[in-house]
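Heads up: the structure comes next, in structure tokens.
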Amino acid sequence: MPSGTIVDQYYIERTIAKGGFSNVYLARQINDQHQVAIKEYMPAKFTHRVGDKVSAINGDSAKLFKKGRQYFLDEAKLLTTIKHPNIVHVLNFFLANDTAYLVMSYDYGITLAKTIKEPNLNVTSEFLLDVFPPIMRCIKNMHNRNLLHLDIKPDNILLRPQNNPLILDFGSALPFKKELPSVAHSMTKGFAAPEQHHKQTTIGPWSDIYAIGATMRACLDKSIPPMSTDGDAIVSLKPAFKIHKKNIEHRILHAIDWAMQIDPGKRPQSMEDLMRALHYL
């Protein structure tokens, strides 16, 4: 949406980000001028904008669009039930322009994905222990409420001042009991656990644990880990301990290598297990 557009009770200032499924705008609430971020559901592959409205490009796309819009609203409803200092705060959600919008508090910061691309960044043990234990505590809170995140990655983590992390996206979150058969959901290559790629394999807390390990490894290597189902690449990937033991505390490296085991049964089975490995509990 162009700057100056009014949608519901909000004035659009500028576009912050564009992704495959949504756009994010900086906006202000008209009544009190409170600054917010607004996420608009607009999947690029099967929609286009006609005037103010978001429309499917054809009949087949319309079915996908309608289903995806419901998932988007489900994410909004889920986020309103989760209150945590490291989870984005949802203020409102609504339907308009034939699509759905999610209104969130606006926090200043830079994503972890952009941070680790900075050439002058020195990833230290202190940096990792600033960023990841709060994320683990946040995901532990979700697991205690029978929810899985299933899309933890550097792009979904905003670093505020003092490297205080904020998890931004919960579009792939799913409920679980003790074990949940893998179902269709968005996955990010390099960060999704192997069982997320195989429908016959159960996903659970260990799946989020893999993603946290992979995200920590991405910080160290400053590159995306190989896809978890790429057997040759995984075999050739040296353990973090072997590569980074001169610069990073060994407990952190052992925790990363443990979290990234391909066999789900060989990983930590709960977030508490991973946090203990970091001496965080």
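Each step along the sequence shown adds one to the number in my numbering, with nothing skipped, and position 162 is 160. All C-beta atoms, glycine included, are put in the ideal place defined by N, C-alpha and C. These numbers come from a predicted model, not from an experiment.
Exercise. Would you kindly report the start and end of the unbroken alpha helix (DSSP H) that includes residue 249?
Key: DSSP places residue 249 in the uninterrupted alpha helix (DSSP H) bounded by 248 to 257.
Self-check item: Distance between residue 210 and residue 110 (C-alpha atoms, nearest Å)
Solution: Taking the straight line from one Cα to the other gives about 13 Å.
Quiz item: Is the CB-CB distance between residue 21 and residue 38 below 8 Å?
Solution: Yes.
Self-check item: Simplified DSSP state of residue 11, which is helix, strand or coil
Solution: Note: residue 11 maps to strand in three-state DSSP.
Quiz item: Can you tell me the Cα-Cα spacing of residue 99 and residue 167, whole angstroms?
Solution: Using only the alpha carbons, I get a separation of about 14 Å.
Quiz item: Going by DSSP, which residues form a beta bridge with residue 38?
Solution: Under DSSP, residue 38 forms a beta bridge with 21 and 99.
Exercise. Would you verify that the beta carbon of residue 157 is, or is not, closer than 8 Å to some beta carbon of chain B?
Key: Judged by its chain identifiers, the structure shown contains no chain B, having just a single protein chain.
Quiz item: With respect to the alpha helix (DSSP H) encompassing residue 155, which residues constitute its N-terminal and C-terminal limits?
Solution: Under the DSSP assignment, residue 155 falls outside any alpha helix (DSSP H), being part of the beta strand (DSSP E) whose first and last residues are 155 to 158.
Quiz item: Among 87, 5 and 126, which one has its Cα closest to the Cα of residue 273?
Solution: It is 126.
Quiz prompt | Exposed unless 16 or more other CB atoms sit within 10 angstroms - verdict on residue 106 | solution = With fewer than 16 other Cβ atoms within 10 Å, it is exposed.
Self-check item: Inside the stretch 63 to 141 only - alpha helix (DSSP H) runs reaching at least 4 residues
Solution: Runs of alpha helix (DSSP H) with 4 or more residues, each lying fully within the stretch 63 to 141, are found at 110 to 113, listed in chain order.
Exercise. Measure the Cβ-Cβ separation of residue 203 and residue 212 and say whether it is below 8 Å.
Key: Cβ atoms of residue 203 and residue 212: not closer than 8 Å.
Quiz item: Where do the ends of the beta strand (DSSP E) carrying residue 242 lie?
Solution: Counted as a single uninterrupted DSSP element, the stretch harbouring residue 242 is not any beta strand (DSSP E) but the alpha helix (DSSP H) occupying residues 238 to 242.
Quiz prompt | For residue 264 and residue 251, believed in contact at Cβ under 8 Å, the rounded distance | solution = Residue 251 to residue 264, Cβ: 17 Å. No contact.
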